[in-house]
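Going by the working numbering, 638 is the number at position 156 of the sequence shown; the sequence numbering is gapless. To keep things clear, I will list the structure first and then write my remarks on it.
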Amino acid sequence: MERVICLAVGYVCGLLQTGYLVGEMSHVDIRKKGSGNAGTTNALRVLGWKAGILTFAGDVLKCIAAFLIVFFMYRGSDCRPLLAMYAGAGVTLGHNFPFYMNFKGGKGIAVMAGLVVVNSFWHLPASILMIPVTLAAFLLPVIATRYISAGSLAAYTVFLIEMILIGQMGWFDMESARCYELYVVLALLTLLAWYRHKENIKRLLAGTENKFGSKKKE
């Protein structure tokens, strides 16, 4: 039951569609422009830097909000990292599949950035290194190729690897079975991110993916 509650809390938080709301402030339906995605990258391309930053910040903060709610709801639990991951999964589902927008939302990358932030505090000070390592995993492919999608997928994959490593080092302070459950939940989120980027992957393989800073191909 705890897991279901955490998923529900996360889903409700994830329903805050920052990209859509930012677009509405500019009288633009972000779902009908650019890629049609309600996430940070499309907001950046369609509405500019300010909108992109606001969208990213909002999507990160809703993940942090879900984490804090679950953290204090279950402050006596011995598996808070696992419950927090379920909350993060809920945020991702709410962000990607908002029921009131015909289940058409974002791709969950900014939410993943929020997950990186909240999970970097389980074993301070060493765990804080997750933030620069994951950021580097995003930036290096983007700088080298100018493909935001490549950086996004690389960062998500590196985040999964990091979480497995720190879990195996005992930083979550949970029993092994719950650590493995956490890995499974995050692995499913990683697979979902790759699935949501399936069209980007096709374009990457074909060499037709839109590069950062260039006009979107029709």
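Cβ atoms here follow ideal geometry from the backbone N, Cα and C, with glycine treated the same way.
Output the boundary residues of the alpha helix (DSSP H) element that contains residue i.
| i | result |
| --- | --- |
| Phe641 | 630-650 |
| Phe538 | 531-555 |
| Ala626 | 612-627 |
| Ser658 | 658-678 |
| Thr690 | Here Thr690 belongs to no alpha helix (DSSP H), and DSSP marks it neither H nor E. |
| Asn584 | Per DSSP, Asn584 belongs to no alpha helix (DSSP H) and is neither H nor E. |
| Gly558 | Counting along the chain, Gly558 falls outside any alpha helix (DSSP H), and DSSP gives it neither H nor E. |
| Asn479 | Since the first residue of the chain shown is 483 and the last is 700, residue 479 is not available in this structure. |
Should residue i go down as buried or exposed, given a rule of 16 or more other Cβ atoms within 10 Å for buried?
| i | result |
| --- | --- |
| Cys509 | The question names Cys, but residue 509 in the sequence shown is His. It counts as exposed. |
| Gln499 | buried |
| Phe554 | exposed |
| Gly590 | buried |
| Phe579 | buried |
| Ala637 | buried |
| Val666 | exposed |
| Ile643 | exposed |
| Leu647 | exposed |
What number of angstroms, rounded off, separates the C-alpha of residue i from the C-alpha of residue j?
| i | j | result |
| --- | --- | --- |
| Trp604 | Arg562 | 10 Å |
| Gly530 | Leu673 | 29 Å |
| Lys461 | Ala659 | Any question about residue 461 goes unanswered here, given that the chain covers just 483 to 700. |
| Gly649 | Phe620 | 22 Å |
| Lys698 | Leu526 | The pLDDT assigned to Lys698 is 49, lower than 50, so where the model puts this residue is not dependable, and the model offers no usable value. |
| Trp595 | Val640 | It is Ala, not Trp, that sits at residue 595 in the sequence shown. Cα to Cα, the separation comes out at about 12 Å. |
| Gly496 | Tyr582 | 12 Å |
| Ser517 | Ile610 | 34 Å |
| Val599 | Leu543 | 10 Å |
| Ser559 | Val552 | 10 Å |
| Val486 | Ala569 | 9 Å |
| Ile546 | Gly505 | 22 Å |
| Asn519 | Leu668 | 23 Å |
| Arg678 | Ala688 | 17 Å |
| Lys515 | Thr523 | 12 Å |
| Gly652 | Pro614 | 21 Å |
| Leu440 | Thr616 | What is shown of the chain runs 483 to 700, which leaves residue 440 out entirely. |
Spatial neighbours of residue i within its chain, please: C-beta separation below 8 Å, excluding the five flanking residues on both sides.
| i | result |
| --- | --- |
| Tyr493 | Gly572, Val573, Leu575, Gly576 |
| Leu664 | Pro563, Leu564, Met567, Met645, Gly649, Phe654, Met656 |
| Val491 | Ala548, Ile551, Val552, Met555, Ala569, Gly572 |
Please determine whether the Cβ atom of residue i lies at a distance below 8 Å from any heavy atom of the ligand NAP.
| i | result |
| --- | --- |
| Ser508 | This structure simply doesn't include the ligand NAP, nor any ligand for that matter. |
Among residues of its own chain, excluding the 5 on either side of residue i, which ones have a beta-carbon nearer than 6 Å to its beta-carbon?
| i | result |
| --- | --- |
| Phe694 | Arg628, Ile630 |
| Asp541 | Thr500, Ala592, Val593 |
| Ala634 | The sequence given here places Ser at residue 634; Ala does not occur at that position. The answer, listed in chain order, is Ile591. |
Who are the Cβ neighbours of residue i in its own chain at under 7 Å, not counting the five residues just before and after it?
| i | result |
| --- | --- |
| Cys661 | Gly649, Phe654 |
| Glu691 | Tyr629, Ser631, Asn682, Arg685 |
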